[in-house]
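All residue numbers for the sequence shown refer to this note's numbering, where the first residue is -6 and numbers rise by one.
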Amino acid sequence: MVALEKSMRPWSLQATFADVERDIEKVGNVVFSMAEKNGNKMASSLAIAGINR
């Protein structure tokens, strides 16, 4: 049996996810974007601009 690190156990992350959901409700419209680290520089810049907007 493989033991997970304490910080990565699903039940220990429940409070974190609850906090994220509560904050999303406060903000309203939230979009999560991902850009490949070494991928297209323009796509990365646009994703960052969208997050900072």
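Glycine included, every Cβ here is placed at the ideal spot set by N, Cα and C.
All of these numbers come straight from a predicted model, not from anything done at the bench.
Checklist entry - From which residue to which residue does the alpha helix (DSSP H) around residue 13 run? => result Run containing residue 13: 7 to 20, per the alpha helix (DSSP H) assignment.
Item to check | Separation of residue 22 from residue 36, as counted between CA atoms | outcome: In a straight line, the C-alpha of residue 36 is about 21 Å away from that of residue 22.
Checklist entry - Comparing the C-beta of residue 15 with each C-beta of chain C, is any distance below 7 Å? => result The chain inventory of the structure shown lacks chain C, comprising one protein chain alone.
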